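Below: the structure, in structure tokens.
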Amino acid sequence: MAASAEIITKPVAGAISLRWIIGARDDLIWFIGSVVSSYALLFLYVSGILPLLPMVAIWAILIDAPHVFGTFSRTYFDRTERKNRARLLWGSLLFFAIGPVMVLAGAGFVFLFVAAVWAYYHLVKQHYGFMVLYKKKNGDLARIDNALDRLLLLFAFNYPFVEFIARDPEAMARVPAVLRGGVNGLSKLLLGATILIFAVWIVRQVQRTITGEPLNVPKYLLLAAAIPMHWIVLLTPMPHKPIAIVAILTIYHNLQYHRLIWFHNQKYKSREKYGAAELISRRLLYYIGFGIIFGVIYQGPRQLLNNLGSSFGVQLGVSFLWGYAFIHYYLDSKIWRVRKDPSVGKALNM
């Protein structure tokens, strides 16, 4: 058995800080250990066991779209949120128009590039969000640590993404021509910066150990799960990589988010106060069922359109359906701010 460590509820000098968002078991399974799902999907696809189209369709309809619905369950379906955030929620519906307007303007190619970059940024932003929750839980809020943690995530996740584009002809073909010449140079710059920042970050952790500052173990475990997975998936050769990695990278993100949403939504105990959000979250089976119905409505048509070529009508349809994802990305950047919204902190036991 490993040497015992001091587990704390409030950070104390010389201790190992082990404060979790939900609890050790749930966090280790859903927020950290669920990275196994990405590795499993990577193995199944690269080994040829799971073909591309079934993998993407099943993931999109049964797992990814329901996680978008999770955002809607605590915004549009929450009577209190509709009242308090009316301008944000109804204004966000304009995202449905952005894609079709750009396609009609002849900028469909640029639209899809921006959509893909935003989608990846959204994954990185969620990892950052979970890291911040662990930092708040464990009192890991020194200015130098906040800066180093932020820089480590920024560079450690962006380098493999840019390097993937530089290596993969299909990915490079999706980049606007004006930007292609700088991809290789940017990749090298990001790699050098990542190595430097990681070295400084490690030195800081050693310093914390020497000075007796609490070591934020949940944060370390989260980073150890998320960063290597992105590097392995993005740098592993595979057929039709730009499509395949969407499911492989995102399934980890999906499972994390589903668990966080379900934890948050346990606050919905009053139908009169919260409206449909209470019904959706009354039982796990309801949440799953409504999510799958939404998945069929949203991702069903999208998967069909993606297999019908690239005609003007298909581009219009696909660009419109991107609106669901854009709303999810945008609202997610607004609704989890613990400091600005006490109700979120209360729901997450912060």
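According to this note's numbering, the sequence shown is numbered sequentially starting from 1. Ideal Cβ positions, reconstructed from N, Cα and C, are used throughout, including at glycine. Computed from a predicted structure; not experimentally measured.
Beta carbon of residue i nearer than 8 Å to that of residue j
| i | j | result |
| --- | --- | --- |
| Pro176 | Val110 | yes |
| Val318 | Asn306 | yes |
| Met238 | Val46 | yes |
| His353 | Ala347 | Residue 353 falls outside the range modelled here, since the chain spans only 1 to 350, and no answer is possible. |
| Ser17 | Asn146 | no |
| Ser362 | Tyr252 | Because the chain in this structure spans residues 1 to 350, residue 362 falls outside the shown range and cannot be described. |
| Leu151 | Ile197 | yes |
| Val56 | Ile243 | yes |
| Gly275 | Arg79 | yes |
| Ser73 | Ala277 | yes |
| Leu222 | Phe31 | yes |
Where residue i falls, given that 16 or more other Cβ within 10 Å makes a residue buried
| i | result |
| --- | --- |
| Tyr229 | Sequence check: residue 229 is Met here, not Tyr. It counts as buried. |
| Gly108 | buried |
| Leu358 | Only positions 1 to 350 of the chain appear in the structure, and residue 358 is not among them; the question remains open. |
| Asn158 | buried |
| Glu272 | exposed |
| Phe312 | exposed |
| Lys357 | The structure shown does not extend to residue 357, since the chain is modelled only from 1 through 350, so no value can be given for it. |
| Ser343 | exposed |
| Met131 | buried |
| Met102 | buried |
| Gly70 | buried |
| Arg174 | exposed |
| Asn349 | exposed |
| Lys340 | exposed |
| Arg302 | buried |
| Val178 | exposed |
DSSP state of residue i mapped onto helix, strand, coil
| i | result |
| --- | --- |
| Ile16 | strand |
| Asn216 | strand |
| Thr80 | helix |
| Ala2 | Because Ala2 sits at a pLDDT of 35, beneath the cut-off of 50, its placement in the model cannot be relied upon, and the point is left open. |
| Met238 | coil |
| Gly340 | It should be noted that the sequence gives Lys, not Gly, for residue 340. Residue state, collapsed to three classes: coil. |
| Leu152 | helix |
| Met131 | helix |
CA-to-CA distance, residue j to residue i, given in whole angstroms
| i | j | result |
| --- | --- | --- |
| Ile292 | Thr211 | 51 Å |
| Tyr268 | Ile335 | 16 Å |
| Phe95 | Ala119 | 14 Å |
| Gly91 | Trp231 | 36 Å |
| Trp322 | Gly129 | 23 Å |
| Ile390 | Gly295 | Coverage of the chain is limited to positions 1 through 350, which leaves residue 390 absent and any answer about it impossible. |
| Asp149 | Gly309 | 42 Å |
| Gly23 | His240 | 39 Å |
Any chain C beta carbon closer than 8 Å to residue i
| i | result |
| --- | --- |
| Leu196 | In summary, chain C is missing from the structure at hand, where a single protein chain is found. |
Distance cut-off 7 Å: residue i Cβ against heavy atoms of the ligand ATP
| i | result |
| --- | --- |
| Leu141 | Summarising the ligand content, the structure contains no ligands, and the ligand ATP is consequently not present. |
Handout entry: In chain order, each alpha helix (DSSP H) run of at least 4 residues that lies wholly inside the stretch 253–288
Key = 271–274, 276–280
Practice task
Tell me the start and end of each unbroken alpha helix (DSSP H) in the stretch 38–124 that is at least 4 residues and wholly inside, in chain order.
Solution key: 52–59, 65–73, 79–84, 86–92, 95–104
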